[in-house]
Amino acid sequence: MRDVVAALVAIALFVLALRLMTSLTKDRRRRKSERATLEAGGRSVLAEIPGDEGLTLFTEDGYAFHFGDREIPKHTIRSARVLINGAPIAASVAPGRPEANAIPTEVVEDRPEGITRDRWDVAIDTDSDTILVPCGAIRERISQELARGIFEAVKAVVESADPRTDPN
């Protein structure tokens, strides 16, 4: 009798494992298809940010950055800041556009000792709004790398901005 119960438990665990593998495969295929669609439309995926409702993509095209469904036109970006637990640790400001919230730090420090549970975000200041891109508080420097990648992409746009061609 004990052998029968053990066999039933083993079969149930095997079926559960197969269901999990199938759902993970479907999710991976869906993400891959979504990414291919975006790339075919001229966007490049800069980061896949994990959140409560799955992954949110931070993408870029020739005109704007896109955070999920939100579009951030490049010509409206004034500055970008990397925040750790809400405090700025690096900033970049467009030439000729003073920004009170920015700090003069040039680079995001690599912190190999692993600030393991600090919250990493990127704040993007535009002409009309501040967009906070939450990069998370994931262990093993993952959130730090997400924030660094997003910040570097936005920083390149900010620092290449020519104040003489400002559309405003």
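Residue numbering for the sequence shown is 0 to 167, as defined by numbering that gives the first Met the number 0.
Every residue, glycine too, gets a C-beta built ideally from N, C-alpha and C.
All values derive from a computational prediction rather than experimental measurement.
With fewer than 16 other Cβ atoms from the protein chains shown falling within 10 Å of its own Cβ, residue 25 counts as exposed.
One alpha carbon belongs to residue 66, the other to residue 15, and they sit about 35 Å apart. For the pair residue 46 and residue 131, the CB atoms are not nearer than the 8 Å cut-off. For residue 149, the enclosing alpha helix (DSSP H) has its first and last residue at 141-159. Taking 8 Å as the upper bound for CB-CB distance, residue 80 and residue 89 are in contact here, some 7 Å apart. Within the model, the alpha-carbon separation for residue 10 versus residue 21 is close to 17 Å. The shortest C-alpha to C-alpha distance from residue 121 to any of 154, 140 and 137 is the one to 154.
Proximity to residue 34 across 51, 58 and 12 peaks at 58, based on C-alpha coordinates. Distance from the Cα of residue 48 is smallest, within the candidate group 118, 6, 151 and 134, for 134. Here residue 119 really is in contact with residue 142; their C-beta atoms are around 4 Å apart, less than 8 Å.
The residues 77 and 78, in chain order, have a CB closer than 6 Å to that of residue 124 in the same chain once the five nearest residues on each side in sequence are set aside.
Residue 129: not part of any alpha helix (DSSP H); member of the beta strand (DSSP E) spanning 129-135, first to last residue. Distance from the CA atom of residue 69 to the CA atom of residue 63, rounded to whole angstroms, is 10 Å. By the criterion of a C-beta distance shorter than 7 Å, residue 117 is surrounded in its chain by 83, 84 and 136, once the five residues flanking it on both sides are discounted.
With a contact defined as Cβ atoms closer than 8 Å, residue 37 and residue 44 qualify at about 6 Å. Distance from the CA of residue 151 to the CA of residue 40, rounded to the nearest whole angstrom, comes to 23 Å.
Nearest C-alpha to residue 87 among 1, 0 and 147: 147.
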